[in-house]
Amino acid sequence: MMLWHFVFWLSCAVAVVCSASLLFVRKPMHGAVYLTTAMCALALAFYLLGAPFIAMMQLILYVGAIMVLFVFVIMLSPLQETFPLQLQDRSLWPGLILLILMLLELGALLFGGLQVDPTTPQIIDSKAVGELLFGHYKLAVEAISTLLLAALVGVMYFARHLQRHQERKLPEQQEAK
Amino acid sequence: MTEALLQTLAQRFGAEPYSAVSYVGAPSIVVPLNQLHDALRFLRYEASTRYEMLVDLSAIDEAGRGGGFTLFYHLLNLDSAAFLTVRCPLFSSLLEVPTASDIWPAADWYEREVYDMFGLRFSGHPDLRRILLPDFWQGHPLLKSEAGRATERPDPFGYDPESLNKILQGYMNPEQGDDGEMVVNIGPNHPGTDGIIRLVLRLRGERITSLEQEIGYHHRGAEKVAEFHTFHNYIPYTNRIDYLGGVGGELPYVLACEQMTGIEVPPRAQAMRVMLAEIFRLSSHLVWISSLGHNLGAMGPAFYAFMEREKLFDVIEEVCGGRMHPAFYRIGGVAQDLPEGWKRNVLRSCDAVEERIPELEALTTKSYIFQTRTKGIAVYTPEQAIDWALTGPNLRACGFDFDIRKKLPYSGYEQYDFDVPVGTDGDAFTRTVLRIEEMRQSLRIIRQVVATMPDGPILSDNKPRYSLARKERALEDIETMIHHFIEVGRGLPFPRGESFFPTETSKGLTCYTLVSDGSANPYRVRIRTPSFAHFQSVKAVGVGDVLGNVICLIGSIDYVLADIDR
Amino acid sequence: MSPWLFWPLITIAMVVVILGLILAAGFTVFGERRILGLLQNRYGPNQAGPFGLLQAIADAVKLLTKEYFLPGFVDQKLYKLAPVLVVVTVLLSFVVVPIGKGISFAADFNVGLLFILGLSSLHVYGIFLGGWSSSTKYTVLGSIRTIAQLISYELAMGVALLGVVLLSGSFSLEDIVLKQDIAYIFLQPFGFIVFFIAGIAETNRLPFDLPEAENELAAGFNTEYGGMPFAMFFLGEYLGIIFISCLTTTLYLGGWHGPWAESYPLVGVFWFALKTLALLFFFIWMRASVPRVRWDQLMSFGWKYLLPLGLVNIIATALISALWM
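Protein chains in written order, with the working numbering: chain A, 93 to 269; chain B, 6 to 571; chain C, 359 to 683.
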């Protein structure tokens, strides 16, 4: 159906435009909102490609958890302005070259026979994803979860440490005043 | 005060007993300015009876009594409930007085008030600014040379653009700085402050790193107003000082007047006074519990409490004619006798309140969330309680068994059997429990008064020279009517003298210091209110806590704006 | 059905449902005020129409006719976006709720439950963007609290839902209802508790209404809003309450199940409405009875009690279903 084609390509376009606009926005919060929009558009694209579970995970995890943390940090940080992209800055050039290379590769892939057809998708449901994750990729999942656990412990340690440090600092400040 | 202490003071600091005019209410000594600071320090830390609490600090402009100023400090020893007045004569306002804020932190605001009202300066004071009046105010209102009416002042209306700009600038706080701290104004208009008051908080996240209070939005110059009224006519102002306390605020004033003149109040009037004062204590506590509940987000208590308060007001209205501000007490007694059927109505209202108290408890002290919000929150240590001159339930929550009604009974409180609930933890929860228990005790007192109400006159007649002519008779014969007319209009000259009277109102210790120069108007009325001291202490406890707890703190110490600003 | 007939019909149905939901939210407000009045010995609105029934409409008209203003210091785009986001996400969530046997838009959506979770995280964006874009301190504090609350409770909610998914073996709400021969509240009592508490926190209702704690933060995140945008926040809040009630009914109380509901779908709608109303009453009851918890208490409750309880619940459910089924 034409409609789904249209919706699919539209969401892809939205994702690309939103991601690209990240390079030019001035306020960090606007950037965060653009990124969120890009995530939502990606979720839609995933859904139309026949992966409803991944689509919803995209929403819940990226929009609901990761971006929220980003936003939290942005709100707590005193920084108000960002530095928009400036081509004169030489340190940006390697990154740009890589970007162009990647775009070329993508083009090659797209025009070289990769078929993206949202109308006749092969549906990958949650069960399939689960079976793959806890079957074929079991080791990877375990490794990642261990890594996350380590990160969690590390963060807890740092938080405790910082808190103690601050508590020591607070009375000193009061005395100074 | 023991003779020994007096002698020590005389030897070490050249102190002498005050003898210029009669001073009743507390022992009084005069200390010269150069010894004042040492004497105060001695009295707090070394004296045989330690006067550990600074109850009040203010001044008298002596322009009409020989010039200069008099500073006076009311000190209190909690164990024996002994008051002591330390006076210090000043010959000129140019002299700097050593600050007492290093001895009692509570002196901070009192000294600022003296500076604001009299222009007296305190050396070593951490932050000597105006407190009740705006910074650009011209003059010092309580000086005798100042006009008593706004219309007599130069340009009394509005602000000039410059001052207005300055005020507005005061609200423009610096934006979020690099240190991640943020300045938040709570007030002047804010749902959590129960009135017009301003807290400037510096927050790191939700934790408060510094806190500054701004008061004075409600200042009506009650002390200045008194100087332009006769002793009798001032009564209606006194119940508007603590506008929830009703006649409770009139009591210390009329008692101070009676103490000064030697009027003896007949027992029936005394019993009526006690009954009405306790009814108002109940009503004030009911409002308090509803506003604390509201501050913590509970909707329920407000409606239940106000319903019962309405029933109390029905009784008040029946007895006094007024509701919140009855102006019912008179110097020498009360305005009119009890109406028919009052016993039944009073008891019915008491029963209604008593039945409601368990419901209020269920919504507050017995509610798990309320407990987690108040237990161990906004804790005053006993030292802080004394330093910051807490009184009333707030002091008792810190473990001090101090209630003037028990320790220095007035108005016949000694005849009634009641307990003074005392807590130990000094937190918001204890304060709540204590106040609810106090409500039960008040009910007990009211029931005893109802049971033992004596017969007899309701106005004294032992000092007709200081009492108004009887109104009932003024309506019948022309002679009394002329007397009444003239006495109400011109007032009755009261004897020279000074009088100090502390009472226990619903919020804490309310004291009136009256100075009479022999005319019909008070020469100076000083009103010591508990809310002023309590609100000052917010700074001591609030810093380092989180925002939600500060709302709980200011809700739980029970202040009334008019009581702070007067 | 041909697409030329399908789309107009669907559009009409959508409009009807949206209007119905908005009315329902209005009457929830009215009902709340009346019930609070009843619980607190006062009247509540009783002047507009019989029993004050027209109060909801009067309120709506009042808010609609108010001047629309834009404070000068706000971040304009986000300020305008936020209320829309709040309402739209909740309205969208209703799409997957079956209110009777076969009566819904897309109850058979194969990842319906995840869809709801995703939308609820978007919903929160509306609230905190509203607070952040107003750029005053109270609203920003309200926003920070919103996010913290979201992080703590979204997780607990998801974990509680897993129990239901384990039992029913499906993310589709229709399947979940159909599987509930015994309402899941009996099979998943702890899951129910965790889910419902998290639901109260999600909708910012007492005792978890910290983002708008009026005694601390004036009105929290919506302090700078007035007129229509404020009405939309308000609508969003009450739609949220209705939605959480509907969802709880669907997941734990057997949805439209009840006597004669199998044969007459409309009877099912009645049962569904009845259960939902009971939950709505509970929401209002809570508001009348309890104080607000403190911010850090809310967080520690979420992380230290609710989440572990939810996790234990899943493990127990998984073990039991693995051993018995």
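Every residue, glycine too, gets a C-beta built ideally from N, C-alpha and C.
Residues near residue i in its chain [Cβ-Cβ closer than 8 Å; skip 5 each side]
{"i": "Thr494 of chain C", "result": "Phe431, Thr581, Glu582"}
{"i": "Arg117 of chain B", "result": "His130, Asp132, Leu133, Arg134, Arg135, Ile136"}
{"i": "Gln266 of chain A", "result": "Here Gln266 of chain A scores only 49 on pLDDT, less than 50, and its place in the model should not be relied on; the value that follows carries that caveat. Closer than 8 Å at the Cβ level, and outside the excluded window around Gln266 of chain A, lies no residue."}
{"i": "Ala268 of chain A", "result": "Legend: pLDDT at Ala268 of chain A = 48, less than 50; position of this residue unreliable, value from coordinates given subsequently. Here the set comprises nothing."}
{"i": "Tyr242 of chain B", "result": "Ala227, Val230, Ala231, His234"}
{"i": "Pro271 of chain B", "result": "Gly338, Gly461, Pro462, Ile463, Leu464, Ser465"}
{"i": "Leu225 of chain A", "result": "Val233"}
{"i": "Asn671 of chain C", "result": "Val517, Ala518, Gly521, Gln546, Phe548, Gly549, Val552"}
Interface partners of residue i on chain C, CB under 7 Å
{"i": "Val189 of chain B", "result": "Lys495"}
{"i": "Phe164 of chain A", "result": "Ile505"}
Interface residues of chain A facing residue i [CB-CB closer than 8 Å]
{"i": "Ser479 of chain C", "result": "Leu151, Ile152, Val155, Gly156, Ala157, Val160"}
is_contact[residue i, chain C] using C-beta, thresh 8 Å
{"i": "Ser218 of chain A", "result": "yes"}
{"i": "Ile374 of chain B", "result": "yes"}
{"i": "Cys104 of chain A", "result": "no"}
{"i": "Val125 of chain A", "result": "yes"}
{"i": "Ser111 of chain A", "result": "no"}
{"i": "Gly494 of chain B", "result": "no"}
{"i": "Met248 of chain A", "result": "no"}
{"i": "Ala268 of chain A", "result": "Legend: pLDDT at Ala268 of chain A = 48, less than 50; position of this residue unreliable, value from coordinates given subsequently. Taking Cβ atoms only, chain C never reaches closer than 8 Å to Ala268 of chain A, which makes this a no."}
{"i": "Thr128 of chain A", "result": "yes"}
{"i": "Asn39 of chain B", "result": "no"}
{"i": "Asn244 of chain B", "result": "no"}
{"i": "Val233 of chain A", "result": "no"}
{"i": "Glu211 of chain B", "result": "yes"}
{"i": "Met300 of chain A", "result": "Lying before the first or after the last residue shown, residue 300 of chain A is absent from chain A, which here runs from 93 to 269."}
Below-8 Å beta-carbon distance, residue i vs any chain A residue
{"i": "Glu582 of chain C", "result": "no"}
Beta-carbon contacts of residue i that lie in its chain and below 7 Å, excluding the five residues immediately before and after
{"i": "Arg436 of chain B", "result": "Pro398, Asn399, Ala402, Ser561"}
{"i": "Ile559 of chain B", "result": "Thr198, Val543"}
{"i": "Arg278 of chain B", "result": "Leu256, Tyr334, Val339, Ser416"}
is_contact[residue i, chain B] using C-beta, thresh 8 Å
{"i": "Leu564 of chain C", "result": "yes"}
Residue i, enclosing beta strand (DSSP E) - first and last residue
{"i": "Met58 of chain B", "result": "58 to 66"}
{"i": "Met187 of chain B", "result": "186 to 191"}
{"i": "Arg135 of chain B", "result": "From DSSP, Arg135 of chain B is part of no beta strand (DSSP E); its letter is neither H nor E."}
{"i": "Val530 of chain B", "result": "527 to 533"}
Contacts that residue i makes with chain B (C-beta to C-beta distance below 7 Å)
{"i": "Pro649 of chain C", "result": "Gly298, Leu301, Gly302, Ala303, Ser372, Ile374, Phe375, Arg378"}
9 Å Cβ cut-off: residues of chain B touching residue i
{"i": "Asn399 of chain C", "result": "Phe308, Tyr309, Met312"}
{"i": "Phe653 of chain C", "result": "According to the sequence shown, residue 653 of chain C is Trp rather than Phe. Neighbours of Trp653 of chain C on chain B, chain order: Glu211, Val551, Leu552, Gly553."}
Terminal residues of the alpha helix (DSSP H) in which residue i lies
{"i": "His488 of chain B", "result": "483 to 495"}
{"i": "Phe311 of chain B", "result": "305 to 325"}
{"i": "Asn300 of chain B", "result": "272 to 300"}
{"i": "Leu201 of chain A", "result": "185 to 203"}
Where residue i meets chain C, residues with beta-carbon distance less than 8 Å
{"i": "Gly549 of chain B", "result": "Per Cβ cutoff of 8 Å: no residues; Gly549 of chain B is ~14 Å from chain C at best."}
{"i": "Leu1 of chain B", "result": "Since the first and last residues shown for chain B are 6 and 571, residue 1 of chain B lies out of range."}
Neighbouring residues, chain B, relative to residue i (Cβ below 8 Å)
{"i": "Ala646 of chain C", "result": "Met304, Gly305"}
Spatial neighbours of residue i in its chain, beta-carbon cut-off 6 Å, leaving aside the 5 residues before and after
{"i": "Gln541 of chain B", "result": "Trp114"}
{"i": "Ser354 of chain B", "result": "Lys316, Leu317, Val320"}
{"i": "Gln275 of chain B", "result": "Ser416, Gly417"}
Contact set between residue i and chain A, taken where Cβ atoms lie within less than 7 Å
{"i": "Trp490 of chain C", "result": "Met121, Met167"}
Per-residue contacts from residue i into chain C (C-beta, under 9 Å)
{"i": "Phe145 of chain A", "result": "Asn468, Val469, Leu472, Phe529"}
- Query: Would you call the stretch 209 to 227 of chain B and the stretch 446 to 458 of chain B touching, i.e. three or more CB-CB distances under 8 Å?
  - Reply: no
- Given 8 Å as the limit, is there contact between the stretch 285 to 296 of chain B and the stretch 494 to 512 of chain B, that is, 3 or more CB pairs closer than that? yes
- Query: How do the stretch 101 to 110 of chain B and the stretch 513 to 533 of chain B stand: do at least 3 beta-carbon pairs fall below 8 Å, yes or no?
  - Reply: no
- Item | the stretch 498 to 506 of chain B / the stretch 26 to 41 of chain B touching (three or more Cβ pairs under 8 Å) | yes
- Query: Using 8 Å as the Cβ pair cut-off and three pairs as the minimum, do the stretch 458 to 467 of chain B and the stretch 371 to 384 of chain C touch?
  - Reply: no
- Query: Is it true that the stretch 118 to 129 of chain B meets the stretch 147 to 159 of chain B, where meeting means three or more beta-carbon pairs spaced less than 8 Å apart?
  - Reply: yes
- Taking one C-beta from the stretch 425 to 436 of chain B and one from the stretch 375 to 385 of chain B each time, how about it: are there three or more such pairs within less than 8 Å? yes
- Any contact of the stretch 110 to 117 of chain A with the stretch 144 to 159 of chain A, i.e. 3+ C-beta pairs under 8 Å? no
- Determine, using beta-carbon pairs with one atom in the stretch 593 to 601 of chain C and one in the stretch 377 to 389 of chain C, whether at least three such pairs fall under 8 Å. yes
- Message: Three Cβ pairs or more, each shorter than 8 Å: is that satisfied between the stretch 414 to 434 of chain C and the stretch 462 to 469 of chain C?
- Response: no
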